[in-house]
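In this text, residue positions in the sequence shown follow numbering that gives the first Met the number 0: the first is 0, and each later residue adds one. Okay, structure first, notes after.
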Amino acid sequence: MSGHSKWASIKHKKAVVDSRRGAQFSKLTRAIMIAARDGGGDPSANLALENAVRKAREASMPKDNIERAIAKGTGEGGEADAIEAVTYEGYGPGGVAVLVEAITDNRNRTGADVRHAFSKHGGSLGEPGSVAYLFAKKGTIVIDATRYSEDDLMPAVDAGAEDISMDEDVFEVISDPADFAGVRSALQDAGIEMQSAEMAYRPTIRVPLDEGQAGKLMRLIEALEDLDDVDAVHANFDIPAEVLERVAG
0 MSGHSKWASI KHKKAVVDSR RGAQFSKLTR AIMIAARDGG GDPSANLALE
50 NAVRKAREAS MPKDNIERAI AKGTGEGGEA DAIEAVTYEG YGPGGVAVLV
100 EAITDNRNRT GADVRHAFSK HGGSLGEPGS VAYLFAKKGT IVIDATRYSE
150 DDLMPAVDAG AEDISMDEDV FEVISDPADF AGVRSALQDA GIEMQSAEMA
200 YRPTIRVPLD EGQAGKLMRL IEALEDLDDV DAVHANFDIP AEVLERVAG
């Protein structure tokens, strides 16, 4: 996986200890609202909401905040109606494809912010459809490989996992969206603790980068992730894990 599992682990750790707690809570609140609006307020019957609520809990968001966000999402009219999910596509240093998921109440503001981040960090914003075909949405579960062996993860295979890969100190368990909930439940039932578990766009083709390009790309990704409206950033880079550790640490 050439650093992709490592990147998933790094992102998760950064999110949990994010010092910009206020901005992080704002992002999580909007994600919960839009998931509840689109799929209902019951996390057990709404996978997107369940994932959003889990992320909020991992970030130590108070229970009352989570419940208010769900109520706003399921309520008629109000704030939730003004929020929409938007995807931006572009290119980073070295020709890497970048897919940006945002949740916004103002497309013009968010589009301008995303375009500026691309331009400032050696990338360019593309047209809709320009890079989306290079990604597939998959269930992605990251597990600490220093605590578990691949044999410990066999319940995930029995539940329909497509692949289990190891990148230094983490495993990545990949599944089709339809099997994701079952795979995650199988791991939970087996007592496996997960660093992260989410639906994520995964690259079908990867672009190799040298250390100089890798550093530039990580700065672009960090700038995009720091935007208040951006929910997730995906890129089809191929960077050795040891290089990624240096440039993203």
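Beta carbons are placed, not taken as given, at the ideal position from N, Cα and C, and that holds for glycine. These numbers were taken from a predicted model, which means no experiment stands behind them.
Can you check the stretch 85 to 162 for any alpha helix (DSSP H) of at least 4 residues that lies completely inside it and give the ranges in chain order?
For the stretch 85 to 162, whole alpha helix (DSSP H) runs of length 4 or above, ordered along the chain, are 106 to 119, 153 to 157.
Among residues of its own chain, excluding the 5 on either side of Glu-161, which ones have a beta-carbon nearer than 7 Å to its beta-carbon?
Hits under 7 Å: Ile-173, Ser-174, Asp-175.
What does DSSP give as the partner residues of Glu-197 in its beta bridges?
Answer is Thr-139, bridged to Glu-197.
How about Pro-154 and Ala-131: are their beta carbons less than 7 Å apart?
No, the pair does not count as a contact, with Cβ atoms beyond the cut-off.
Residues in its own chain within less than 6 Å of Ala-51 by CB, not counting five upstream and five downstream?
For Ala-51, where only same-chain residues beyond five positions count, the Cβ hits under 6 Å are Ala-30, Ile-31, Ala-34.
Which residue wins for smallest C-alpha separation from Pro-239, given the options Pro-207, Glu-100, Ala-70?
If we check each option's Cα against that of Pro-239, Pro-207 comes out closest.
So Ile-102 and Asp-237 are in contact, right, with Cβ under 8 Å, and what is the actual spacing, rounded?
That belief does not hold up - the Cβ atoms of Ile-102 and Asp-237 are roughly 29 Å apart, past 8 Å.
Relative to the alpha-carbon of Gly-91, which residue among Ala-222, Glu-241, Glu-244 has its alpha-carbon at the smallest distance?
Closest option to Gly-91, Cα to Cα, is Ala-222.
Mapping DSSP to helix, strand and coil, what is Met-165?
Residue state, collapsed to three classes: strand.
Please report how far the alpha carbon of Gly-39 lies from the alpha carbon of Gly-211, in whole angstroms.
Cα to Cα, Gly-39 sits roughly 45 Å from Gly-211.
Are any of the Cβ atoms in chain B nearer than 7 Å to that of Gly-93?
The structure shown contains no chain B, having only a single protein chain.
Buried or exposed for Glu-171, going by 16 or more other Cβ atoms inside 10 Å?
Result: buried.
Could you check what DSSP says for Ile-82 in three-state terms: helix, strand or coil?
Three-state DSSP puts Ile-82 in coil, outside helix and strand.
Could you have a look at Ser-1 and say whether DSSP puts it in helix, strand or coil?
Low local confidence applies: a pLDDT of 45 at Ser-1 is under 50, so the model's placement there is unreliable, and no value is given.
Ile-204 by DSSP, collapsed to three states: which one?
Coil.
Just mark Ala-111 as buried or exposed, buried being the case when its beta carbon has 16 or more other beta carbons within 10 Å.
Answer is exposed; the Cβ neighbour count stays below 16.
Helix, strand or coil: which one does DSSP assign to Glu-171?
Residue state, collapsed to three classes: strand.
Considering Ala-47, what are the terminal residues of the alpha helix (DSSP H) in which it resides?
Residues 46 to 57.
In terms of alpha-carbon separation, which member of Arg-183, Thr-73, Ser-164, Ala-144 lies closest to Asp-157?
Nearest of Arg-183, Thr-73, Ser-164, Ala-144 to Asp-157, Cα basis: Arg-183.
Output needed for Ile-220: all residues of its chain with C-beta closer than 7 Å, excluding positions within five of it in sequence on either side, in chain order.
Correct list, in chain order: Val-232, Ala-234.
Between the alpha carbons of Thr-203 and Ile-65, how many angstroms are there, rounded?
Near 34 Å, if we compare the C-alpha coordinates of Ile-65 and Thr-203.
With the cut-off set at 7 Å, would you say Ala-168 and Thr-139 are in Cβ contact?
The sequence shown places Asp at residue 168, not Ala. No, they are not a contact pair.
Spatial neighbours of Arg-106 within its chain, please: C-beta separation below 7 Å, excluding the five flanking residues on both sides.
Same-chain partners within the cutoff: Val-85.
Is DSSP giving Ala-231 helix, strand or coil here?
Here Ala-231 sits in strand by DSSP.
Within this structure, are the beta carbons of Asp-228 and Thr-109 separated by less than 7 Å?
Yes, these two residues count as a Cβ contact at 7 Å.
On the CB-based measure, 16 or more other CB atoms within 10 Å of its CB, does Gln-187 come out buried or exposed?
Exposed: under 16 other Cβ atoms inside 10 Å.
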